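Q:
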Ligand SMILES: CC(C)(COP(=O)(O)OP(=O)(O)OC[C@H]1O[C@@H](n2cnc3c(N)ncnc32)[C@H](O)[C@@H]1OP(=O)(O)O)[C@@H](O)C(=O)NCCC(=O)NCCS
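Next comes the structure, spelled out in structure tokens:
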């Protein structure tokens with residue numbers, strides 16, 4: 001998020017600051033967190049640099065999620081072009097991701113934050129379509145995407161490489177703004 005703060009019932013979503021990075025690194029490389037991520041263990045310096053770049057990118061609306069002032073997770077939202085022929089309106093699609101501290105897992109915080117980001121993307125950023133991908137066996141992630149009303153559009157059989165498991169299945173989810181407004185998903 002380039003500016004501003006979003007508030008939900010229990011959480012605040014605000015831009016990621018330099019001083020958040022050490023706190024995020026306390027959980028980012030734990031095995032419970034990296035198990036179903038594509039970017040597994042991150043190098044602290046490269047991680048810090050990537051967040052700095054993100055903070056300067058006008059199409060990167062990623063946020064830190066705080067509970068009583070403590071960062072407990074991040075939700076990423078990258079606005080990008082979809083696929084299409086010349087003349088296609090640009091920057092109408094957004095890719096969604098989320099990583100939370102397992103110490104705060106299972107209490108609905110990720111669902112609450114992701115729901116707020118979806119509303120922000122459609123309501124404020126004029127995004128037309130949101131997509132998200134996950135390993136099929138990442139059951140908590142699948143549950144979040146389905147709870148926020150996203151549609152499973154692709155089941156990629158054996159399409160995703162997992163460092164310990166080898167080739168496994170992946171899912172792609174999506175939701176259109178008009179569906180979200182109608183509440184039909
Ligand atoms: C995925 C993640 C964000 C979930 O965070 P969270 O705060 O626990 O999520 P919530 O509490 O909002 O919701 C989790 C849902 O998944 C369900 N769930 C969790 N583990 C599950 C499991 N092993 N099997 C089935 N359902 C599971 C919970 O019951 C809950 O659903 P419910 O509300 O219907 O009961 C968190 O585990 C995480 O950061 N994981 C590591 C990074 C990651 O995988 N990110 C996603 C990459 S696609």
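In the UniProt record's numbering, the protein residues as written are 1 to 185.
Heads up, the beta-carbon is just placed ideally off N, CA and C, and yes, glycines get one too.
Nothing here was measured: the structure is a model prediction, and the numbers come from that model.
1) For ligand 1, any of its heavy atoms closer than 7 Å to the Cβ of residue 138?
2) Report yes if the C-beta distance between residue 73 and residue 99 is below 8 Å; otherwise report no.
3) Taking the alpha helix (DSSP H) that residue 36 falls in, what are its first and last residues?
4) Run the CB neighbour count on residue 150, radius 10 Å, all protein chains shown included, and call it buried at 16 or more, exposed below.
5) If you reduce the DSSP assignment to three classes, tell me which class residue 121 lands in.
6) Using only alpha-carbon positions, find the residue among 116, 85, 137 and 132 that is nearest to residue 145.
7) CA-CA distance, residue 68 and residue 6?
8) Between which two residues does the alpha helix (DSSP H) harbouring residue 27 extend?
9) Tell me the rounded alpha-carbon separation between residue 71 and residue 36.
10) Got a sec? Which residues, its chain only, sit under 7 Å from residue 77 by beta carbon, not counting five neighbours each side?
11) Unbroken alpha helix (DSSP H) runs of length 4 or more, entirely within the segment 86-150: which are they?
12) Hey, would you say the C-beta of residue 107 is under 7 Å away from at least one heavy atom of ligand 3?
13) Whose C-beta lies closer than 7 Å to the C-beta of residue 188 among residues of the same chain, with five residues either side of it excluded?
14) Beta-carbon within less than 7 Å of residue 197's beta-carbon, same chain only, minus the 5 sequence neighbours each way: which residues are those?
15) Which residues in the same chain have their Cβ closer than 8 Å to the Cβ of residue 52, if we skip the five residues on either side of it in sequence?
16) Once DSSP output is grouped into helix, strand and coil, what is the label at residue 52?
17) Going by alpha carbons, who is nearest to residue 23 out of 34, 12, 44 and 39?
18) If you drop the 5 nearest sequence neighbours on each side, which residues of the same chain put their C-beta closer than 8 Å to that of residue 186?
19) What are the residues that DSSP puts in a beta bridge with residue 61?
A: So, from the data block:
1) yes
2) yes
3) No alpha helix (DSSP H) holds residue 36; DSSP gives it neither H nor E.
4) buried
5) helix
6) Considering only alpha carbons, the answer is 132.
7) 14 Å
8) 21-28
9) 21 Å
10) 61, 62, 94, 96, 117 and 121
11) 109-123 and 139-147
12) Ligands in the displayed structure: ligand 1; ligand 3 is not one of them.
13) The structure shown does not extend to residue 188, since the chain is modelled only from 1 to 185, so the question has no answer here.
14) In the structure displayed, the chain extends from 1 to 185; residue 197 sits before or after that span and is not available.
15) 18
16) helix
17) For residue 23, the closest C-alpha among the options 34, 12, 44 and 39 is that of 44.
18) Given that the chain is displayed from residue 1 to residue 185, the structure contains no residue 186 and the question cannot be resolved.
19) According to DSSP, residue pairing for residue 61 in a beta bridge does not occur.
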